[in-house]
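Quick notes on the structure that follows.
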Amino acid sequence: MRAVYLHGFGLVSSLGANLSEALKSLAAGGKEPQRLNLPGGTDWPCYSIEHSEKDWVRRAKQLIYNAVVEAGLKPEHAQDRNVPLFIASSSLDIGAIESGSSHLSDGFGFAQDVAEWLNWSSEVYLFSSACTSSLQAMLAASSLIGSGNVEEVVVLGIELSNRFSISGFASMQLLSSGKPKPLGAERDGIALGEAVAVMHLSCQPARWRMCGGSNIVDGRDPTGAVPETVARICEQALAVSGLTPSDIGLIKLQAAGSPANDAKELAGMAKVFEVMPPLVSLKSSIGHTLGASGVAEIALLTACLENGVWPQTNYVYDVELGYELSSIKPVAPRYILADILGFGGGHVAVILEDANVQRGINNNGMYP
Amino acid sequence: MKPEIKENLVWKITGRVGHVDGKPPDNWRDLLATRLGQRPRRIGMLAELALYGALDCLDAADEAILPKDAVLRVCSMHGASAVISQVLEQNQTELPMPFSFLQSQSSQLLPALATALKWQGDAAIVMARDRMSLALLAARQAGPNGMLLGWVEESPCSSQWLRLARCAIRPENFTAAKSFGEMISSDVGYWRLGEAGIEISLAQDCKTN
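Line order of the protein sequences matches chains C and Y.
Converting from the first sequence to this note's numbering requires adding 10 to each position, the first position being numbered 1.
Quick note: the second sequence, position 61, residue 42 per this note's numbering, numbers continuous.
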């Protein structure tokens, strides 16, 4: 298998129109979620993207185009090369259907629309396995490039404004009443967010290398994580990457602020990591962006690491969990494990290597 | 760089369900209830259809459970559209019913399948307009224990499944598949990864080692 690298990223989120804006916003303390009113008089936090366009389709088209361009891709990029496009989304264009600008039809139609907006002439696949969609797409892309079938793949995570997802999560009593508090003592649920995230994977060397990963669906809890399976995805990801737990210098958790799931995730991690590496969660920064979350959070995290910006929290952690999120950027973590745990029993972990870091520098080192 | 083609990347089609038109028998729900020992609860029609086809396919492959390293890929172009419509309507005036929302999510068929197949592993909902492309992507990700592939739609009711197991075989008379129908034809016994895509061989044209 040949090496696979992460060549470029794009992210439009509640933090800003691109990664540069997101970092500025994070450095200034981040943003508060907006509130979305639902029928029945309830309102819920939602990390919405600020954008002047009101028409759902025109807004989606502009946001997607901007994210793709930020990742260093031009719309004509795929015209003369075989670059498969892997779209990952949970809610697809349900927001357009709600607003009356589209109608319920073939689920793949949205993926085709996106490909047309981008003039994408190569193959298009749609991953729609709820929250783990974009990491599943990343694993498939890595497999295609690694085996020499293609030179590059673009993964595009899209999760845009709709009431369908928020009302569904509200009906299941999974939403926080305010800003989510991952690993917090008073965590009371998750907050959803919008994102368009792009990851350009290629066989051409770049700073970030995709080492490997693991995807396991475990049906024992269709709406939550299973600690043993969290441990298994970490073990498998380490094994295929040729690494041991002590090589990991940073873990980007799912940690969305769920009372039960945060605890299950840490219980699973503790089975693998005798000494827990520094932990980070981005859910209180951009919300849970569902199908886009894996790629969106990796895009934001790598940008944070490259630019010395670190997300801050201002709440009390749950001492019973035994772990806290790192308040400072870890010193040069060479290997980073990122997981997403989802709806539908989905558990995915991937491991990235920062080629700028030499072996031996990281291993849980922190600035004093 | 040329694609990495391993000599042993050959799969035998060991189970095949709904390969003619995908339409299950009229009493498929009764058959599923008999197979499970009870009627499935709260999972929705799409997941029930997936269960029916997947379990039938494993039976056809003479496997009691899906091996843990097999790859499971399911495609549903329309998803649970009836329930999605229902939830959209409920959303006009109130919060949806929790189980309606769950059933509207195609991904919920994955835990249902995992539970019924007594399996935990690499499963995903992936869609591609061209069914051959989807099969090709799955084949490129499949490991030693092969794959279980399903195409499921509520309307018209359809549940097509293939179980492919890796096998050691002398590759003879493989030709590029021209259509998905040809790939799943009952005459075809084997798939192989070629440079341009899936190659197929008739069942009688290969000799197992």
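Even for Gly, the Cβ is constructed at its ideal location relative to N, Cα and C.
- Task: Taking only runs that begin and end inside the region -15 to 24 of chain Y, name each unbroken beta strand (DSSP E) of 3 or more residues, in chain order.
- Result: -9 to -2
- Message: So, with DSSP's three-state summary, where would you put Asn190(Y)?
- Response: One-based indexing of the second sequence puts residue 190(Y) at position 209. Low local confidence applies: a pLDDT of 40 at Asn190(Y) is under 50, so the model's placement there is unreliable, with the coordinate-based value given in what follows. Residue state, collapsed to three classes: coil.
- DSSP three-state call for Met58(Y): helix, strand or coil? Position 77 of the second sequence, counted from the start, is the residue given in the question as residue 58(Y). The answer is coil: DSSP assigns Met58(Y) none of H, G, I, E or B.
- Message: Under DSSP, the alpha helix (DSSP H) around Val78(C) begins and ends at which residues?
- Response: For the purposes of this step, residue 78(C) is identified with residue 68 of the first sequence, where counting begins at 1. That run of the alpha helix (DSSP H) goes 66 to 80.
- Task: Spell out whether any CB of chain C is found under 8 Å from the CB atom of Phe82(Y).
- Result: Numbered from 1 along the second sequence, position 101 holds the residue referred to as residue 82(Y). So yes, Phe82(Y) belongs to the interface.
- Query: What did DSSP end up calling Ala205(C) once you bin it into helix, strand or coil?
  - Reply: Counted from its first residue, the first sequence places residue 205(C) at position 195. Note: Ala205(C) maps to strand in three-state DSSP.
- Where does Phe19(C) sit, in a helix, a strand or coil, going by DSSP? Taking the first residue of the first sequence as 1, we reach residue 19(C) at position 9. Phe19(C): strand per DSSP, three-state reduction.
- Cα separation between Arg344(C) and Gly355(C)? In the first sequence, the residue the question calls residue 344(C) occupies position 334. In the first sequence, the residue the question calls residue 355(C) occupies position 345. Rounded to the nearest angstrom, the two C-alpha atoms are 30 Å apart.
- Task: With a threshold of 16 other CB atoms inside 10 Å of the CB of Thr189(Y), please say whether the residue is buried or exposed.
- Result: In the second sequence, counting from the first residue as 1, residue 189(Y) sits at position 208. Low per-residue confidence applies at Thr189(Y): pLDDT is 48, beneath 50, and the placement is therefore not dependable, though the value from the model is reported in the following sentence. Answer is exposed; the Cβ neighbour count stays below 16.
- Check the Cβ-Cβ distances between Lys34(C) and every residue of chain Y, and say whether any is below 8 Å. Sequence index remark: in the first sequence, residue 34(C) carries index 24 (1-based). Cβ-Cβ to chain Y under 8 Å: no for Lys34(C).
- Given that Met209(C) touches chain Y, what residues does it touch there, using C-beta distances under 8 Å? On the first sequence, position 199 is the one that residue 209(C) refers to. Within chain Y, no residue comes near Met209(C); the closest Cβ sits about 17 Å away, beyond 8 Å.
- What's the gap between the Cα of Lys(-17)(Y) and the Cα of Glu126(C)? As a first step, residue -17(Y) is located in the second sequence; it is residue number 2 there, counting from the start. As a first step, residue 126(C) is located in the first sequence; it is residue number 116 there, counting from the start. Low confidence applies here, because Lys(-17)(Y) scores a pLDDT of 47, under 50, leaving its location unreliable and the question unanswered by this model.
- Item | Beta-carbon spacing of Lys(-7)(Y), Gly124(Y) below 8 Å | For the purposes of this step, residue -7(Y) is identified with residue 12 of the second sequence, where counting begins at 1. For the purposes of this step, residue 124(Y) is identified with residue 143 of the second sequence, where counting begins at 1. Contact annotation: Lys(-7)(Y) and Gly124(Y) have beta-carbon atoms that are not nearer than 8 Å.
- Item | Inter-residue spacing [alpha-carbon to alpha-carbon] between Leu83(Y) and Gly178(C) | The count along the second sequence starts at 1 and reaches residue 83(Y) at position 102. The count along the first sequence starts at 1 and reaches residue 178(C) at position 168. Roughly 8 Å separates the two Cα atoms.
- In this structure, does DSSP put Gly370(C) in helix, strand or coil? Looking up residue 370(C) in the first sequence gives position 360. Only weak support is given to the placement of Gly370(C): the predicted model assigns it a pLDDT of 48, under 50, and the question is left unresolved by the model.
- Task: Under 8 Å by Cβ, that's how I've got Leu185(C) and Gly199(C) pegged, so tell me the actual separation to the nearest angstrom.
- Result: By 1-based counting over the first sequence, the position of residue 185(C) is 175. By 1-based counting over the first sequence, the position of residue 199(C) is 189. With a Cβ gap of about 5 Å, Leu185(C) and Gly199(C) count as contacting.
- Task: Compare the Cα-Cα distances from Glu75(Y) to each of Val163(C), Met220(C), Ala180(C), Ala151(C) and report the closest residue.
- Result: On the second sequence, position 94 is the one that residue 75(Y) refers to. Measuring from the Cα of Glu75(Y), the nearest candidate turns out to be Ala180(C).
- Item | Contacts around Phe155(Y), its chain only, beta-carbon distance under 6 Å, and the 5 residues preceding and following it disregarded | Working through the second sequence from its first residue, we reach residue 155(Y) at position 174. For Phe155(Y), where only same-chain residues beyond five positions count, the Cβ hits under 6 Å are Arg173, Glu180, Ser182.
- Query: In three-state terms, what does DSSP make of Asn317(C)?
  - Reply: Taking the first sequence and counting its residues from 1, the one referred to as residue 317(C) is at position 307. Residue state, collapsed to three classes: helix.
- Item | Given Glu238(C) as reference, the closest of His357(C), Tyr57(C), Arg91(C), Glu42(C) once Cα atoms are compared | As a position in the first sequence, residue 238(C) is number 228, starting the count at 1. If we check each option's Cα against that of Glu238(C), His357(C) comes out closest.
- Item | Status (buried if at least 16 other CB within 10 Å, exposed otherwise) for Gly381(C) | Here chain C has residues from 11 to 378 only, and residue 381(C) is not among them.
- Which partner residues of Thr156(Y) appear in the DSSP bridge assignment? As a working mapping, residue 156(Y) is identified with position 175 in the second sequence. Note: Thr156(Y) sits in a beta bridge opposite Ile181(Y).
- Message: Tell me the DSSP secondary structure of Gly167(C) in three-state form.
- Response: Numbered from 1 along the first sequence, position 157 holds the residue referred to as residue 167(C). Looking at Gly167(C) - three-state DSSP - the assignment turns out to be strand.
- Does DSSP put Cys56(C) in a helix, a strand or coil? Taking the first sequence and counting its residues from 1, one reaches residue 56(C) at position 46. The answer is strand: DSSP assigns Cys56(C) an E or B state.
- Task: Kindly say whether Gly370(C), judged by its beta-carbon, lies nearer than 8 Å to any beta-carbon of chain Y.
- Result: Counted from its first residue, the first sequence places residue 370(C) at position 360. In this predicted model, Gly370(C) has a pLDDT of only 48, less than 50, meaning its place in the structure is not dependable; the value taken from the coordinates is given anyway. No, Gly370(C) does not count as interfacial toward chain Y.
- Endpoints, beta strand (DSSP E) assigned at Ala195(C): Reading the first sequence from its first residue, position 185 is the one you call residue 195(C). Unbroken run through Ala195(C): none, as it is neither H nor E.
- First through last residue of the beta strand (DSSP E) which encompasses Ile258(C): The count along the first sequence starts at 1 and reaches residue 258(C) at position 248. Counting along the chain, the beta strand (DSSP E) containing Ile258(C) begins and ends at 258 to 262.
- Nearest CA to the CA of Val208(C): which residue from Gly223(C), Leu166(C), Asp231(C), Glu284(C)? Your numbering for residue 208(C) matches position 198 in the first sequence. Looking at the Cα atoms, Leu166(C) is the closest of the given residues.
- Query: Among Leu263(C), Lys262(C), Ser256(C), which one has its Cα closest to the Cα of Val285(C)?
  - Reply: Position 275 of the first sequence, counting from 1, holds the residue named residue 285(C). Measuring from the Cα of Val285(C), the nearest candidate turns out to be Ser256(C).
- Message: What does DSSP give as the partner residue(s) for Ile346(C) in the beta ladder?
- Response: Here residue 346(C) corresponds to residue number 336 of the first sequence, with the count starting at 1. Leu260(C), Leu362(C).
- Query: What is the DSSP secondary structure of Gly51(C), counted as helix, strand or coil?
  - Reply: Start at 1 with the first residue of the first sequence, and residue 51(C) comes out as number 41. DSSP places Gly51(C) in coil when its eight states are reduced to three.
- Query: From Leu149(C), Val163(C), Gly50(C), pick the residue whose C-alpha is nearest to that of Glu133(C); which is it?
  - Reply: To locate residue 133(C), count along the first sequence from 1; it is residue 123. For the residues Leu149(C), Val163(C), Gly50(C), the minimum Cα distance to Glu133(C) belongs to Val163(C).
- Please state if the CB of Phe120(C) and the CB of Met108(Y) are separated by a distance shorter than 8 Å. Translated into positions along the second sequence, residue 108(Y) becomes position 127. Translated into positions along the first sequence, residue 120(C) becomes position 110. Going by C-beta atoms, Met108(Y) is not nearer than 8 Å to Phe120(C).
- Item | Three-state secondary structure (DSSP) of Pro79(Y) | Your numbering for residue 79(Y) matches position 98 in the second sequence. Three-state result, Pro79(Y): helix.
- Name the chain Y residues that come within less than 8 Å of Ala105(C), Cβ to Cβ? Mapped onto the first sequence, residue 105(C) falls at position 95. According to the sequence provided, residue 105(C) is Gly. The question's Ala does not apply to it. Correct list: empty, because the minimum Cβ distance to chain Y is about 11 Å.
- Query: Can you tell me where the alpha helix (DSSP H) with Gly156(C) in it begins and where it stops?
  - Reply: Looking up residue 156(C) in the first sequence gives position 146. Run containing Gly156(C): 143 to 156, per the alpha helix (DSSP H) assignment.
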